[in-house]
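Per this note's numbering, the very first residue in the sequence shown carries number 4; after that it's consecutive.
Positions of the beta carbon are idealized from the N, C-alpha and C atoms, including for glycine.
What follows is one structure encoded as structure tokens, with my remarks underneath.
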Amino acid sequence: MLRFQLWKIVIILFVITIGITYALPNFYPPSPAVQITLDSSLGKISPNIAKRIEQLATETEISFSSNLSEELDGYESILFKSENYQDQIKLKEYLEQNLEREFVIALNLAPNTPAWLSDIQASPMKLGLDLRGGVHFLMEVDSELLISTRLESYLADIKRKLREERIGISRSEIVDNRIIFSTRTDATDQLDDYLKSNIDLEYRKQDNNQFIVEYNEQGLDDLIDYAVSQNLVTLRNRVNELGISEPVVVRQGKNRISVQLPGVQDTAEAKKIIGKTANLEFRLEAESNSLLSRTDQFDFSGQRVRLLKQVIITGDKVADASVGYDESGFPQVNISLDGEGGTKMHRSTRNNVGRKMAVIFVERKIRTSNSSDEIESYFDKRIISLATIQSALANQFRITGLDSPNAASELALLLRAGALAAPMNFVEEGTVGPSLGADNIRVGVQSLVLGLSLVLMFMIFYYKVFGIIANIAVALNIVLISAIMSILSATLTLPGIAGIVLTIGMAVDANVLIFSRIKEELKNRLKPLDAINAGYDRAYITIVDANLTTLIVALILYTIGTGPVQGFAITLSVGILTSMFTAILVTRFLVWLIYRNRKHLETLWI
């Protein structure tokens, strides 16, 4: 009689149930949509402004649906879901022309997954840039702002050291990317000797007791090269933090970086976080006798707050940041500093217990100049937390007073990924059109259907009942691949479809080995049920060996490959595992269901 253990039945039914459940969202593909968010990490779109934006969208006479409802505290984002990609692009272009620059308007994909599937974290597979399309950003380092910022920092450092050396200067300023020092005649030689020994920039002495310090051509190239290299690492970190599969972040030319985000679900959030030049500053509240020249004023919770200009530490000293909740359930960000940051924080707070410390969020924005139509950049600084120092702080502490869990999550993400070494501008934003992706999907599906049909017909013709069993296993194999890809949030690409087609062949190959072995055992005059047991038992080692070597090759391809090669390796690896499961366990289970009660079976339809 046929043997099949109960625990194997339980595993098979469990895997099939999970597989079908998590493959179901792929029958509810997302719809094209346009998403509007504020170009700010903190804050919401007020209900009145949301209604004005919706009224603006209706002027296009494009059919859409929105997520707007009677919200009293505003919206994190507004989503307009259109019927097709052409309407989506038209709506985005119209809103870009008529909305202020304070909004981020981006193409998006609105999920249509039923609520009961979303509740168990089931979602459809992400499609790659070649199938679904996606967003391509070309970003450029703002060289002028980078040089200006570095010179300002350099000037502040030199002035501090000159005070320590008791070298007097009458004037210092930055003009046309040059630092200009003016000094008294009797201090000229002293300043000349100091600059010669202590600076790594070029400098020259003028006849009117002036010194000019500036970058030479090689120094500028090195500065920009360093900034682009650092930004490349930061952007990759930010993309990884967003959970985008198979992104492409590469350097392009001297001062540009290309970012491709295939299959992304939220392009607005991606654009906002990827391009954000954001940082933190930790400062102490000014005492009543502090000089005004050494303080800055901020608005916080309806009050004016004076803070010292001196910064304790900035966000680049943060080693890790995570979202948490305080005792009252309000969101907070748990901060871990590096060694240098922890030392500075402890040094500044140990003697200031009882004094308030502010956390300032620094964000670079753009605006249109009042005097002209030119676009200018500026830094928006605002207090996000103002708390009393209860005890000396060290490497770990928390930031409270945040508006929402989303604000806390985004702040933690930016701190983990790191601040950009230099501001960057979006010089190009492209979208890979859905028509190209649709053509690729059609060709890929056609190849999959054609290959699958030929295999199914051959198996039924050659192996009869066992061929039908093998076909059921192949169909289940595709379902399991879809489910695992969805669970892993892996991205399906055109080479990935090729991997699935290859997997179908390998799944059938395993069944062919088993069924051919059963035929041989029947020729050796074994009874049908004994031939079935022997066929599965003796083909097992061969199947495992063949699939294991292919799996090793797939893992190597994924490790050393990039882009399309990785897409192929992912589906091939998943397919190998699922095909072994369906070929060894599922088909044997189906055979057991059919023949388990037929003790006196004389012939097999094989």
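Problem - 7 Å Cβ shell around Y25 - same chain, five flanking residues per side excluded - result: Result list for Y25: A125, A486, S489, I490, in chain order.
Handout entry: Residue nearest to F67 in terms of C-alpha spacing, selected from E57, K384, D548, K84
Key = From the listed residues E57, K384, D548, K84, the smallest Cα separation to F67 is found for K84.
Problem - Residue span of the alpha helix (DSSP H) that contains A501, given as start and end - result: Segment 497-526, the alpha helix (DSSP H) holding A501.
Handout entry: Residues that DSSP places opposite A230 in a beta bridge
Key = Paired residues: none, contrary to the question.
Practice task
Could you pull the start and end residues of the alpha helix (DSSP H) that T581 belongs to?
Solution key: Per DSSP, T581 belongs to the alpha helix (DSSP H) from 567-584.
Problem - 7 Å Cβ cutoff met for I161 and L194 - result: Cβ distance not < 7 Å, so I161 and L194 don't count as in contact.
Problem - Inter-residue CB distance, V336 and A324 (contact presumed, cutoff 8 Å) - result: Correct: roughly 6 Å between the Cβ atoms.
Exercise for the section: Output the residue ranges of the alpha helix (DSSP H) runs that lie fully inside the segment 156-218 and measure 4 residues or longer, sorted by chain position. Expected result: For the segment 156-218, whole alpha helix (DSSP H) runs of length 4 or above, ordered along the chain, are 191-201.
Handout entry: Per-residue burial, P127 [other beta carbons within 10 Å of its own, 16 or more giving buried]
Key = It is buried - the Cβ of P127 has at least 16 other Cβ atoms within 10 Å.
Practice task
Run the CB neighbour count on Q449, radius 10 Å, all protein chains shown included, and call it buried at 16 or more, exposed below.
Solution key: Label assigned to Q449: exposed.
Problem - Cross-strand partners of K84 (DSSP beta bridge) - result: Note: K84 sits in a beta bridge opposite A36, S68.
Practice task
Return the chain-ordered list of same chain residues with a C-beta closer than 7 Å to the C-beta of H349, the five sequence neighbours on each side being excluded.
Solution key: For H349, where only same-chain residues beyond five positions count, the Cβ hits under 7 Å are A395, L396, A397.
Practice task
Using DSSP bridges, identify the partner residues of R401.
Solution key: Secondary-structure assignment with DSSP links R401 through a beta bridge to N337.
Handout entry: Buried/exposed call for I200, threshold 16 Cβ in 10 Å
Key = Note that residue 200 corresponds to Ser in the displayed sequence, not to Ile. S200 sits exposed, since fewer than 16 C-beta atoms from the chains shown fall within 10 Å of its C-beta.
Exercise for the section: Determine, using beta carbons only, whether G570 comes closer than 7 Å to chain C. Expected result: Looking for chain C here will not work: only one protein chain is present.
Exercise for the section: Using the DSSP secondary-structure output, state which residues sit across from M427 in a beta bridge. Expected result: DSSP lists V144 as partners of M427.
Problem - Selected residue, minimal CA-CA separation from I81, among I535, E103, I52, Y97 - result: Distance from the Cα of I81 is smallest, within the candidate group I535, E103, I52, Y97, for I52.
Practice task
Under 6 Å Cβ to Cβ from R520, same chain only, skipping five residues before and after it: list those, please.
Solution key: Cβ within range, chain order: G538, R541, A542.
Practice task
Look at N212 and T186 and say whether their C-beta atoms are less than 7 Å apart.
Solution key: For N212 and T186, yes; Cβs fall inside 7 Å.
Problem - Start-to-end residues for the beta strand (DSSP E) that takes in R350 - result: R350 -> not in any beta strand (DSSP E); alpha helix (DSSP H) instead, spanning 342-352.
Handout entry: Proximity of L610 and N234 at Cβ, strictly below 7 Å
Key = A question about residue 610 goes unanswered here, because the residues of the chain that appear run from 4 up to 609.
Practice task
Starting from Y78, follow its DSSP beta bridges and name the residues at the other end.
Solution key: For Y78, which the question treats as bridged, DSSP gives the partners I48.
Handout entry: Presumed contact (8 Å Cβ cut-off) between V511 and M462, rounded CB distance
Key = Indeed they touch by this definition, with Cβ atoms about 7 Å apart.
Handout entry: C-alpha gap between E205 and L311, whole angstroms
Key = About 33 Å.
Practice task
Please name the residue in D224, D210, V216 whose C-alpha comes closest to that of Y612.
Solution key: With the chain covering 4 to 609 only, the question about residue 612 has no answer from this structure.
Exercise for the section: Determine the extent of the alpha helix (DSSP H) in which R259 is found, giving its start and end residues. Expected result: Here R259 belongs to no alpha helix (DSSP H); instead the beta strand (DSSP E) covers 259-265.
Handout entry: Bridge partners - S325, DSSP secondary structure assignment
Key = In DSSP, S325 forms a bridge with N337.
Problem - Distance CB(F518)-CB(F469) smaller than 7 Å - result: It is a contact, given that the beta carbons lie within the stated cut-off.
Handout entry: Residue interval of the beta strand (DSSP E) (run including T298)
Key = For T298, the enclosing beta strand (DSSP E) starts and ends at 298-303.
Problem - Cα-Cα separation between K54 and F30, rounded to whole angstroms - result: Near 33 Å, if we compare the C-alpha coordinates of F30 and K54.
Exercise for the section: To the nearest angstrom, report how far apart V144 and I573 are at their CA atoms. Expected result: Going by C-alpha positions, V144 is about 34 Å away from I573.
Practice task
Leaving aside the five residues before and after L98 along the sequence, list all residues of the same chain whose C-beta is less than 6 Å from its C-beta, in chain order.
Solution key: Spatial neighbours of L98 in its own chain (CB-CB distance under 6 Å, excluding positions within 5 residues in sequence) are listed in chain order as I108.
Exercise for the section: Enumerate in chain order the residues of its own chain whose CB-to-CB distance from R309 is below 6 Å, with the five nearest sequence positions on each side excluded. Expected result: Within its own chain, the residues whose Cβ lies closer than 6 Å to the Cβ of R309, once the five positions on either side in sequence are excluded, are A289, T298, Q300, listed in chain order.
Practice task
Going by CA-CA distance only, name the one from R401, V547, L148 that's closest to A513.
Solution key: Comparing alpha carbon positions, the residue from R401, V547, L148 closest to A513 is V547.
Practice task
Pick out whichever of T352, Y78, T496 has its Cα sitting closest to the Cα of K47.
Solution key: When the alpha-carbon of K47 is set against those of T352, Y78, T496, the nearest one is in Y78.
Problem - Alpha carbon of A478 to alpha carbon of F584, nearest angstrom - result: Going by the C-alpha atoms only, they are around 13 Å apart.
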